[in-house]
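Below is one structure; the comments refer to it alone.
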């Protein structure tokens, strides 16, 4: 090996780097091909130009802003008018351009403007806008609502309302859904554990179970009825004299078999159902069933689309 | 200097290697100490209260940042899903920041106020009970452990050393009073750290236990403030483009 190297060296076939370690350890020096080297120099020059064209170089307290420019449409805060604006190239201007870009976004923008101008009646009647609400609403629902109400709006029994049935605590017409979305909701029911004696709680629970036809009327349920409709319990204040619920109070309809708040269906037999209901009446609801307000997080148009989407999930059509 | 000379002198070689590899870091990092114009001029950003700050410690302890980022990038899809892109100003009091680098779970930069306290507690205790398809692990011990807030003041002192305007002297307190108002200035006062922590826990009751201050309380307090400090409706579209 070494001999061959010496031979190549002496004939000038291959150059070495020139230094020798341990007496005779040498290194070949094979130069890079010219074309490759020039490409490399080219990229170095390109990178310097690139640095100057795009914002990058720090200079004192500021930086070179580059030479690019982006134009986009913004809404003027004072007048509410749309206006064209030019600004230097950066990722934030690019986003505004992307958001206002008519070419890739036109359909969406047009539909948004149409929905913005329409009221709920008009949106519900217009198949095109409904189609739009279903597709955009699905995304909005997935991002914002599904965490509690589930991907399909099925809710979590006893915790978060099911949006696909016809039982709406706060009402299921457009104005009520809109209000729920805009300002949020804070469910409240007094804790009756201190007010009523255990046997009275028993009776009320028995009565409420008869309302939903879970059991037959009995002496106990008759006593419970008196408490429910009398001054002792006063349940009718919120749930109504017919116990069908009062949406403005967020009070549940107790006469259907849908348990929106107390998790009765999860219990297997009647005594357990009664116990679950009794515990619920005893502890009430206080700051545990809150829907956050969305007015600061979503635009009015988004809220409109969401309200329509939620409505068409199945519930609240009456 | 000869090539051979460097290669046969390991101390010199080490020194020169350090010089060479530090250039990249210096070029990228040093200017950031001088460029002040990239931090957006924006109202509302304040340091975390003692309770939120302890919640942040738990966020770090549990390694939330390994799966959750806290930076919304200026892209259309992120804008539509998470809201306004994150500002540098919004993490100016984060030491260290929790921007993260992966999104196994969703971004949390604007999670504050998005869900109720009760949901946050339920979800941290057992994520699958509210989001069946979730792969997030359970954190039930957060509700079982009471929060150790004995060193809340010392932790704020450390943050203060890093430049966070927690107040120790009357003068600093007055400056905070002027800047943030009395409620916040009190919360940022190191001398009453434990009292303010308990006060916020009592008033807001994030964990659903009025008589306890659990680790859950602190973590939910932290989550509920994320991304809520700046009121973006006050600024024109395009205002923030001038800082890049």
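Protein chains in written order, with my numbering: chain A, 1342 to 1659; chain B, 61 to 304. Quick reminder that beta carbons are idealized off the backbone N, C-alpha and C, glycines included.
Query                                                                                                                         : Result
Three-way DSSP call (helix, strand, coil) for residue 1470 (chain A) in this model                                            : helix
Assumed close pair residue 1621 (chain A), residue 1601 (chain A) - CB separation to whole angstroms, cut-off 8 Å             : 12 Å between Cβ atoms; not a contact.
Distance between residue 200 (chain B) and residue 187 (chain B) (C-alpha atoms, nearest Å)                                   : 10 Å
Minimum Cβ-Cβ distance from residue 1456 (chain A) to chain D less than 7 Å                                                   : Going by chain labels, chain D is absent from the structure shown, which instead holds the protein chains A and B.
Residues in the stretch 1492–1507 of chain A having any Cβ partner in chain B nearer than 8 Å                                 : 1492, 1497, 1500, 1501
Cβ separation of residue 1407 (chain A) and residue 1395 (chain A), assumed to be a contact under 8 Å, to the nearest whole Å : 5 Å
Three-pair Cβ contact test at 8 Å for the stretch 118–128 of chain B versus the stretch 275–294 of chain B                    : yes
Neighbour-count burial assignment, residue 132 (chain B), 16 or more Cβ in a 10 Å radius                                      : buried
Inter-residue CB distance, residue 158 (chain B) and residue 130 (chain B) (contact presumed, cutoff 8 Å)                     : 5 Å
Same chain, Cβ closer than 6 Å to residue 1438 (chain A), five either side skipped, listed in chain order                     : 1411, 1413
Assumed close pair residue 1505 (chain A), residue 1493 (chain A) - CB separation to whole angstroms, cut-off 8 Å             : 7 Å
3-residue-minimum beta strand (DSSP E) runs that sit fully inside the stretch 1370–1427 of chain A, ordered along the chain   : 1410–1416
Residue 1616 (chain A) Cβ short of 6 Å to the ligand NAP heavy atom set                                                       : You won't find the ligand NAP in this model; it holds no ligand whatsoever.
Beta carbon proximity, residue 263 (chain B) to chain A, threshold 7 Å                                                        : no
Pick from A:1523, A:1473, A:1534, A:1594 that is closest to residue 1550 (chain A), judged by C-alpha positions               : A:1594
Contacts of residue 1583 (chain A) in chain B (Cβ-Cβ under 8 Å)                                                               : Those do not exist, as residue 1583 (chain A) stays about 30 Å from chain B at its closest Cβ, beyond 8 Å.
Candidates B:124, B:182, B:149, of which the one nearest residue 162 (chain B) by Cα                                          : B:124
Residues within the stretch 1398–1411 of chain A neighbouring chain B, beta-carbon criterion of under 7 Å                     : 1399, 1401, 1402, 1403, 1404
Exposure label - residue 1403 (chain A); buried when at least 16 CB within 10 Å                                               : exposed
Bridge partner(s) assigned by DSSP for residue 119 (chain B)                                                                  : The partner list for residue 119 (chain B) (beta bridge, DSSP) is empty, contrary to what the question assumes.
Touch test, the stretch 1637–1657 of chain A against the stretch 1516–1526 of chain A, Cβ-Cβ under 8 Å, three pairs minimum   : yes
Beta-carbon separation (whole angstroms), residue 102 (chain B) vs residue 290 (chain B), contact threshold 8 Å               : 5 Å
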